[in-house]
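Heads up, the thing below is written out as structure tokens.
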DNA sequence: ATCGTTTGAGACAGTCTTGTTTCAAAACGA
DNA sequence: TCGTTTTGAAACAAGACTGTCTCAAACGAT
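Chains as they are written, first to last, in our numbering: chain Z, -9 to 176; chain P, -9 to 176.
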């Protein structure tokens, strides 16, 4: 049994995705490791949760970075904003599978610096949506903060659909983008 | 202190919306009642959860009833289906505020009859979406089961937006319907 | 084969939660 | 006012989870 700290963290995320209140013993079992070993890598449950939250927020930040939303918002051209939107949907997919647990787990956000980081990403996203509205890429008759919640909700629904096997992974990106931008009316 | 069973249940829902893992003591406190009194009304945590789940599913069923989705699906005309869709969005709003906790709480679904009831409502919804697709009211290039998850995710996002005070209650229905049917692209 | 490290199993105390019980005080209705 | 009912506070046992510790077995490199 390799007992890499990172591998344990990944297993913990998988487990907590399926069962958000899993005990340390259950997490250890999912990681194929004893409870003692789990505690050797993460001294406490809080330490584990904080690390998962940190990675999760980092992953979120990376999505926004990779999609280039700041640059697109600064440019303000419809082409750049549309490209960033597409890219956003693309990168969200990998995020929802890896760190989707953070979508509904606010328990990990006990640390102040984490809260700050979360607010930072929110602000980035909102600025991007506002720029897209101003450029006529997104509808201006919705608060930009609602668009953020809309995206969040879509990702929760997407994660659930994937978890239950109701949709195929290869369809996820298209369904997300189409639902997000165009809705489901014919 | 009035200690109506129903009032306690409502307070419990509010509390569990804010903190899904609240203890019985915390729930009792939120209801303005002692732990002993809480246990007088609900012998066990499981009994409380089951009742909340039951009411939640009942409320969901009522939404589908009030929106008349079965009749609309049976008729199959675009007019009836569109009207039912609008009605659905309208009734979802009151649901998300009252029983939204069930959206992300599957813990209450331990009882077999509850699971059966949940599956029943899912089947009704899916049949309705399929009929709407067939009639050209909803896009046919999405699995009807995805549309159900999409609606679920939107309600989760809506609940979160309301909880954080990011959108006004009076805007909720419009934002939900517009996002659901048309998306947020300009 | 040997030495040093890592691991798993188990025991342990401390804490929290649950559900029950008791008893006195408060609220209530006649 | 009096008697009944409801309530809150407290104590309690039982169980679960956490975090720590010990020790023997497994492992890996030399």
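Ideal Cβ positions, reconstructed from N, Cα and C, are used throughout, including at glycine. Remember, predicted model here, so these are calculated numbers, not experimental data.
Close partners of residue 142 of chain P in chain Z (Cβ separation under 7 Å): 147, 150. Restricting attention to Z/53, Z/146, Z/134, Z/27, the CA atom closest to the CA of residue 120 of chain Z is found in Z/134. Between residue 1 of chain Z and residue 20 of chain Z, the gap from beta carbon to beta carbon is short of 8 Å. In the DSSP assignment, residue 175 of chain P forms a beta bridge with Z/128. Note on geometry: alpha-carbon atoms of residue 165 of chain Z and residue 61 of chain P lie some 28 Å from one another.
At a beta-carbon threshold of 9 Å, none of the residues of chain Z lie near residue 13 of chain P; the nearest stands roughly 12 Å away. Taking one beta carbon from each stretch, the stretch 45 to 56 of chain P and the stretch 76 to 91 of chain P have 3 or more pairs nearer than 8 Å; the two touch. Shown here is that no member of the stretch 64 to 86 of chain Z has a Cβ falling below 8 Å from a Cβ of chain P.
In the DSSP annotation of this structure, the continuous segment of the alpha helix (DSSP H) that includes residue 43 of chain Z starts and ends at 35 to 57.
Pairing residue 45 of chain Z with residue -1 of chain Z gives a Cβ-Cβ distance under 8 Å. Contact annotation, residue 17 of chain P with residue 5 of chain P: C-beta distance approximately 5 Å; criterion of less than 8 Å satisfied. Contact check between the stretch 124 to 140 of chain Z and the stretch 117 to 132 of chain P: fewer than three CB pairs, one atom from each, fall below 8 Å, which does not count as touching. In the structure shown, the three-state DSSP call for residue 12 of chain P is coil.
For the 8 Å CB-CB criterion, residue 168 of chain P and residue 142 of chain Z do not form a contact.
With fewer than 16 other beta carbons inside 10 angstroms of its own, residue 26 of chain Z counts as exposed.
Distance from the CA of residue 139 of chain Z to the CA of residue 148 of chain P, rounded to the nearest whole angstrom, comes to 7 Å. Among the residues of the stretch 121 to 138 of chain P, those with a Cβ less than 9 Å away from any Cβ of chain Z are 122, 123, 125, 126, 127, 128, 129, 130, 131, 132, 133, 135, 136, 137, 138, in the order of the chain. Listed along chain Z is no residue with a C-beta nearer than 9 Å to that of residue 49 of chain P; the closest approach is about 19 Å. Of the other Cβ atoms in all chains shown, fewer than 16 fall within 10 Å of the Cβ of residue 36 of chain Z; this residue is therefore exposed. Per DSSP, reduced to three states, the secondary structure at residue 158 of chain Z is coil, with no helix or strand assignment. Taking C-alpha positions only, residue 176 of chain P is separated from residue 70 of chain Z by approximately 15 Å. Relative to the Cα of residue 145 of chain Z, the nearest Cα in the group P/153, P/136, P/152 belongs to P/136. Within chain Z, 133, 136 have C-beta atoms less than 7 Å from the C-beta of residue 157 of chain P, given in sequence order.
Contact check for residue 88 of chain P against residue 34 of chain P fails: the beta carbons are separated by 8 Å or more.
Here the alpha carbon of residue 82 of chain P sits roughly 28 Å from the alpha carbon of residue 11 of chain Z. Residue 169 of chain P reaches chain Z at 140, 173, counting residues in chain order whose Cβ is nearer than 7 Å. By the 16-neighbour rule on beta-carbons within 10 angstroms, residue 85 of chain Z is buried.
Within chain Z, the residues whose beta carbon sits less than 7 Å from that of residue 165 of chain P are 132, 136, listed in sequence order. Counting every other CB atom within 10 Å of its CB across the protein chains shown gives residue 159 of chain Z a total below 16, marking it as exposed. Judged by beta-carbon spacing, residue 63 of chain P lies within the 8 Å limit of residue 117 of chain P, meaning their Cβ atoms are closer than that value. If the five residues before and after residue 14 of chain P are omitted, its C-beta is found closer than 7 Å to the C-beta atoms of 25, 28, 35, all from its own chain and listed in chain order.
CA-to-CA, the gap between residue 154 of chain Z and residue 65 of chain Z works out to about 40 Å. Residue state for residue 32 of chain Z is assigned as coil, using DSSP reduced to three classes. In this structure, the CA atom of residue -5 of chain Z is about 41 Å from the CA atom of residue 47 of chain P. Under the 10 Å beta carbon count, residue 162 of chain Z is surrounded by 16 or more other beta carbons and is classified as buried.
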